[in-house]
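Remarks on the structure that follows.
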Amino acid sequence: MYFDGDIDYLFFLAFLLSYDILIIGGFMKENYFHFKKKFGQNFLKDQTIPRKIVEAANIQNDSLVIEIGPGAGALTKELSKVAKQVICYEIDTSLEDILDRELLGLDNVRVIYDDFLKRDVKQDLCSYEYHYLYVVANLPYYITTPIITRLIESDLGVDKVVVMIQKEVADRFCAKPGTREYGSITVFLNYYFDLKKEFLVSRNCFVPKPNVDSVVISLNKKKEQLSVNNKELFFQLVKDSFRFKRKTIRNNLKGYCLEKIEAVLNEYHLDLNVRAEDLSLEIFVRISNNLG
Ligand code: SAM
Numbered sequence: 058m059y060f061d062g063d064i065d066y067l068f069f070l071a072f073l074l075s076y077d078i079l080i081i082g083g084f085m086k087e088n089y090f091h092f093k094k095k096f097g098q099n100f101l102k103d104q105t106i107p108r109k110i111v112e113a114a115n116i117q118n119d120s121l122v123i124e125i126g127p128g129a130g131a132l133t134k135e136l137s138k139v140a141k142q143v144i145c146y147e148i149d150t151s152l153e154d155i156l157d158r159e160l161l162g163l164d165n166v167r168v169i170y171d172d173f174l175k176r177d178v179k180q181d182l183c184s185y186e187y188h189y190l191y192v193v194a195n196l197p198y199y200i201t202t203p204i205i206t207r208l209i210e211s212d213l214g215v216d217k218v219v220v221m222i223q224k225e226v227a228d229r230f231c232a233k234p235g236t237r238e239y240g241s242i243t244v245f246l247n248y249y250f251d252l253k254k255e256f257l258v259s260r261n262c263f264v265p266k267p268n269v270d271s272v273v274i275s276l277n278k279k280k281e282q283l284s285v286n287n288k289e290l291f292f293q294l295v296k297d298s299f300r301f302k303r304k305t306i307r308n309n310l311k312g313y314c315l316e317k318i319e320a321v322l323n324e325y326h327l328d329l330n331v332r333a334e335d336l337s338l339e340i341f342v343r344i345s346n347n348l349g
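Under the working numbering, the first residue of the sequence shown carries the number 58, and numbering increases by one thereafter.
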């Protein structure tokens, strides 16, 4: 039997035991749970942050929401209040009893116990009817980029993504040209989405407490994407441009037709000595279209 006053001590103890037995806030009296570091399990302690995340998502009627990693269901419960349907992917089958209990009576929620990265999500969505598709999640940080990349590449037709991610990663995703954080992932995401940092979340809001702070970001599908002639070439070009961050475009893109690249750069009063971090999405698109 544990009492409220014991919670901090238990959290501290569990932290010392590094992810061993932990008892989680709201349902601590019923659930003993072994947190698994390998699954990036840092659960939100209370309902304040899940409510704020759902508010930021501004979910419309007639929507299907995908949640990756429901954990103990803190965010899922809030999503079920506003979405028509919620479909969750949870890799850890040992959460099944907890989720059954926490989500009891929420008829619009379905949990699939599987690895999101290996799942044919498009197939899962076939049986649903909806107008808007959202992805809302507190992501497992060890696979943030693979998850976002997969969301894009599986061509699910996602309208909006609202996810909590590590602060440093949010800085990279939302970076502006000319900054240290700006990289190929920034250009890739900005091609598809308008990105916005919504709010910061302290590491103290999680159990166990991670070593980093977090940020909730939103990615809104672009109403009009820039027109790219050859997407494969475009993404390869962007990747190659950033291969060695301190090197110039001339050095990173030796294998490409430098005359064609220079012609575009000159239009922007730049030359081949520029670095990739100084080039906007628009310039990358123009270069790629000039190449093929
Ligand atoms: N949503 C919960 C919350 O906010 O309290 C838990 C978030 S926790 C950061 C990440 C969750 O993702 C964990 O429940 C973990 O087991 C799950 N997870 C990790 N890798 C996964 C994968 N490849 N597919 C599906 N779920 C995964």
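Glycine included, C-beta positions come from ideal geometry on N, C-alpha and C.
Query raised in the report: Cβ-heavy atom distance between Asp157 and ligand 1 below 8 Å?
Result: The residue labelled residue 157 in the question sits at position 100 within the sequence shown. For ligand 1, not one heavy atom lies less than 8 Å from the Cβ of Asp157.
Query raised in the report: Mapping DSSP to helix, strand and coil, what is Leu79?
Result: For the purposes of this step, residue 79 is identified with residue 22 of the sequence shown, where counting begins at 1. Any answer about Leu79 is weak, because its pLDDT of 45 lies below 50 and its placement is not dependable; what the coordinates show is given next. Three-state DSSP puts Leu79 in a strand.
Report task. Identify which residue in Lys254, Val272 and Glu255 has its Cα closest to the Cα of Cys262. Result -> Taking the first residue of the sequence shown as position 1, residue 262 is located at position 205. Considering only alpha carbons, the answer is Val272.
Query raised in the report: Quick one: complete alpha helix (DSSP H) runs, 4+ long, within the segment 145 to 206?
Result: 153 to 159 and 178 to 182
Query raised in the report: Which runs of the alpha helix (DSSP H), 4 residues or longer, sit entirely within the segment 294 to 338?
Result: 306 to 309 and 315 to 324
Query raised in the report: Thinking just about the alpha-carbon of each residue, which of Lys224, Asp251 and Phe292 is nearest to the one in Glu238?
Result: Indexing the sequence shown from 1 puts residue 238 at position 181. When only C-alpha atoms are compared, the closest one is Lys224.
Report task. Within its chain, find whatever has a CB closer than 7 Å to the CB of Lys254; leave out the 5 residues flanking it on each side and keep chain order. Result -> As a first step, residue 254 is located in the sequence shown; it is residue number 197 there, counting from the start. Same-chain partners within the cutoff: Ala227, Cys231, Val272 and Ile274.
Query raised in the report: Going along the chain, which residues of its own chain have a beta-carbon closer than 6 Å to the beta-carbon of His188, five neighbours each way excluded?
Result: Numbered from its first residue, the sequence shown carries residue 188 at position 131. The answer, listed in chain order, is Asp119.
Query raised in the report: Between which two residues does the beta strand (DSSP E) harbouring Glu255 extend?
Result: Taking the first residue of the sequence shown as position 1, residue 255 is located at position 198. From DSSP, the beta strand (DSSP E) with Glu255 extends over Phe250 to Val258.
Requested in this report: Would you kindly work out how many angstroms separate the C-alpha atoms of Leu101 and Arg176, rounded to a whole number?
Outcome: Working through the sequence shown from its first residue, we reach residue 101 at position 44. Working through the sequence shown from its first residue, we reach residue 176 at position 119. Each residue's Cα considered, the two are about 25 Å apart.
**Report entry** Which listed residue (Leu257, Leu208, Leu136 and Leu329) has its alpha carbon closest to that of Gln117
**Finding:** For the purposes of this step, residue 117 is taken as the residue at position 60 of the sequence shown. Of Leu257, Leu208, Leu136 and Leu329, the residue nearest in Cα terms is Leu136.
Query raised in the report: Relative to the alpha-carbon of Lys280, which residue among Val215, Asn115, Ile205 and Leu160 has its alpha-carbon at the smallest distance?
Result: For the purposes of this step, residue 280 is identified with residue 223 of the sequence shown, where counting begins at 1. For Lys280, the nearest C-alpha among the options comes from Val215.
Query - Collapsed DSSP secondary structure at Ile344 in the structure displayed - result: To locate residue 344, count along the sequence shown from 1; it is residue 287. It is helical.
Requested in this report: Determine the DSSP secondary structure at Val219, reduced to helix, strand or coil.
Outcome: Along the sequence shown, read from residue 1 onward, the residue named residue 219 stands at position 162. Looking at Val219 - three-state DSSP - the assignment turns out to be strand.
Query raised in the report: Cα-Cα, which of Lys134, His326, Thr243 and Tyr198 is closest to Met221?
Result: Locating residue 221 in the sequence shown gives position 164, counting from the first residue. The shortest Cα separation from Met221 among Lys134, His326, Thr243 and Tyr198 belongs to Tyr198.
Query - N- and C-terminal bounds of the alpha helix (DSSP H) containing Lys102 - result: On the sequence shown, position 45 is the one that residue 102 refers to. Segment: none, Lys102 is in no alpha helix (DSSP H) and carries neither H nor E.
Query raised in the report: Who pairs with Glu124 in a beta bridge, going by DSSP?
Result: As a first step, residue 124 is located in the sequence shown; it is residue number 67 there, counting from the start. Cys145.
Query raised in the report: Hey, Asn330 and Thr305 are a contact pair by Cβ (cut 8 Å); roughly how many whole angstroms apart?
Result: Locating residue 330 in the sequence shown gives position 273, where the first residue counts as 1. Locating residue 305 in the sequence shown gives position 248, where the first residue counts as 1. Confirmed, about 5 Å.
Query raised in the report: Are the beta-carbon atoms belonging to Pro203 and Asn99 less than 9 Å from one another?
Result: By one-based count along the sequence shown, residue 203 stands at place 146. By one-based count along the sequence shown, residue 99 stands at place 42. No, they are not a contact pair.
Requested in this report: Pick helix, strand or coil for Ser211, following the three-state DSSP scheme.
Outcome: Translated into the one-based positions of the sequence shown, residue 211 becomes position 154. Ser211: coil per DSSP, three-state reduction.
**Report entry** Selected residue, minimal CA-CA separation from Leu252, among Arg229, Arg260, Asn277 and Phe173
**Finding:** For the purposes of this step, residue 252 is taken as residue 195 along the sequence shown, with counting starting at 1. Checked all of Arg229, Arg260, Asn277 and Phe173; the closest Cα to Leu252 is Asn277.
Query raised in the report: In terms of residue numbering, what span does the beta strand (DSSP E) encompassing Lys278 cover?
Result: For the purposes of this step, residue 278 is taken as residue 221 along the sequence shown, with counting starting at 1. Residues Ser271 to Lys278.
Query raised in the report: Taking the DSSP output, what are the residues bridged to Phe263?
Result: Locating residue 263 in the sequence shown gives position 206, counting from the first residue. Its beta-bridge partners are Leu101.
Query raised in the report: If you measure from the CB of Gly126, is any heavy atom of ligand 1 nearer than 8 Å?
Result: For the purposes of this step, residue 126 is taken as residue 69 along the sequence shown, with counting starting at 1. At least one heavy atom of ligand 1 is nearer than 8 Å to the Cβ of Gly126, so yes.
Query raised in the report: Between the C-alpha atoms of Gly126 and Lys302, what's the straight-line distance to the nearest angstrom?
Result: Translated into positions along the sequence shown, residue 126 becomes position 69. Translated into positions along the sequence shown, residue 302 becomes position 245. Their Cα atoms are separated by approximately 33 Å.
Requested in this report: Identify, in the order they occur along the chain, each residue of the same chain with its Cβ nearer than 6 Å to the Cβ of Lys121, setting aside the five sequence neighbours on each side.
Outcome: Reading the sequence shown from its first residue, position 64 is the one you call residue 121. Rather than Lys, the amino acid found at residue 121 in this sequence is Leu. Contacts found: Gln142, Tyr185, Tyr187 and Leu190.
Query raised in the report: Taking the continuous alpha helix (DSSP H) assigned at Phe96, which residues delimit it?
Result: If you number the sequence shown from 1, residue 96 lands on position 39. Phe96 -> no alpha helix (DSSP H), and no H or E assigned at all.
Query raised in the report: What does a CB cutoff of less than 6 Å around Asp149 pick up in its chain, not counting 5 residues either side in sequence?
Result: As a position in the sequence shown, residue 149 is number 92, starting the count at 1. Hits under 6 Å: Phe96.
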